[in-house]
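In the working numbering, the protein residues as written are 39 to 257.
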């Protein structure tokens with residue numbers, strides 16, 4: 039085959055592959071493929087953030103102080119407090135951050151905490167992608183704006199170690215269970231999410247409507 043013809047074949051093939059790649063971002067049936075690509079990008083992006091951006095101390099020390107009181111045998115909420123004031127979160131928060139307390143050497147190993155929240159971010163992203171893939175209502179390119187372009191999302195997860203990501207992860211698990219008609223398990227995880235941070239209750243009216251729609255027997 040002449041060199042000119044080979045060049046034309048390569049150009050046409052590359053053009054075709056590029057066209058198919060672009061179409062993937064607009065085809066809801068390709069959500070998982072785009073999701074895998076975005077997860078790969080997120081791994082690199084989060085590692086760069088963790089290793090190049092300084093950790094932002096806002097509540098981490100206070101969280102550790104609050105659960106330390108629980109670990110030391112204080113079960114009276116009025117006596118559980120940290121530098122930012124009294125403990126204002128439910129018991130699920132205490133149990134989750136007690137586990138983080140031990141996993142991070144009593145809260146001293148912040149970098150370990152960042153890597154744990156990095157994994158939480160990826161798992162959270164998986165369950166969100168699963169919702170998109172199940173519903174097939176939005177083109178996959180929407181997910182780019184949802185994760186890769188938001189500095190604040192990465193900051194909340196891996197630079198501040200807030201309890202919001204944990205509560206939302208558990209909520210998304212419950213949503214996935216509801217979508218598969220596992221209402222009892224979904225309700226359990228929804229309640230668990232509320233026990234980590236009570237703003238999850240804002241989703242309760244929508245859940246109530248779904249339960250009414252399905253009826254007492256179905257739910």
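The beta-carbon is built from N, C-alpha and C at its ideal position, and this holds for glycine as well.
The C-beta distance from residue 227 to residue 208 rounds to 5 Å, short enough to meet the 8 Å contact threshold.
For residue 192, the closest alpha carbon among the candidates 61, 87, 73 and 68 is that of 87. Linking residue 99 to residue 219 through their CA atoms gives a straight-line distance of about 40 Å. Look at the beta carbons and you see the stretch 179–187 not touching the stretch 100–119: under three pairs across the two are nearer than 8 Å. The straight-line gap separating the alpha-carbon atoms of residue 205 and residue 71 is approximately 27 Å. One alpha carbon belongs to residue 176, the other to residue 184, and they sit about 12 Å apart.
The stretch 158–176 makes contact with the stretch 209–218: 3 or more CB pairs, one atom from each, lie closer than 8 Å. One alpha carbon belongs to residue 167, the other to residue 243, and they sit about 23 Å apart. Of the candidates 157, 136 and 197, the residue whose Cα lies closest to the Cα of residue 90 is 197. In the DSSP assignment, residue 198 falls outside any alpha helix (DSSP H), carrying neither H nor E. Contact annotation: residue 145 and residue 139 have beta-carbon atoms nearer than 7 Å. For the alpha helix (DSSP H) assignment, the uninterrupted runs of no fewer than 4 residues enclosed by the stretch 142–206 are, from N- to C-terminal side, 148–173, 180–184 and 189–192. For residue 202, same chain residues with a beta-carbon under 7 Å away, outside a window of 5 residues either side, are 194 and 235 in chain order.
By a beta-carbon distance limit of 8 Å, residue 84 contacts residue 156. Their separation comes to about 5 Å.
Straight across, the Cα-Cα distance linking residue 92 with residue 149 is about 11 Å. Looking at the DSSP output, residue 61 shares a beta bridge with no other residue. Judged by their CB atoms, residue 135 and residue 101 are nearer to each other than the 7 Å cut-off. No Cβ-Cβ contact shorter than 7 Å links residue 224 with residue 233. Approximately 33 Å separates the beta-carbon atoms of residue 186 and residue 105; this is outside 8 Å, ruling out the contact. Note on residue 73: 16 or more other CB atoms within 10 angstroms of its CB, so buried under the neighbour-count rule. Straight through space, the alpha carbons of residue 125 and residue 119 are spaced by roughly 5 Å.
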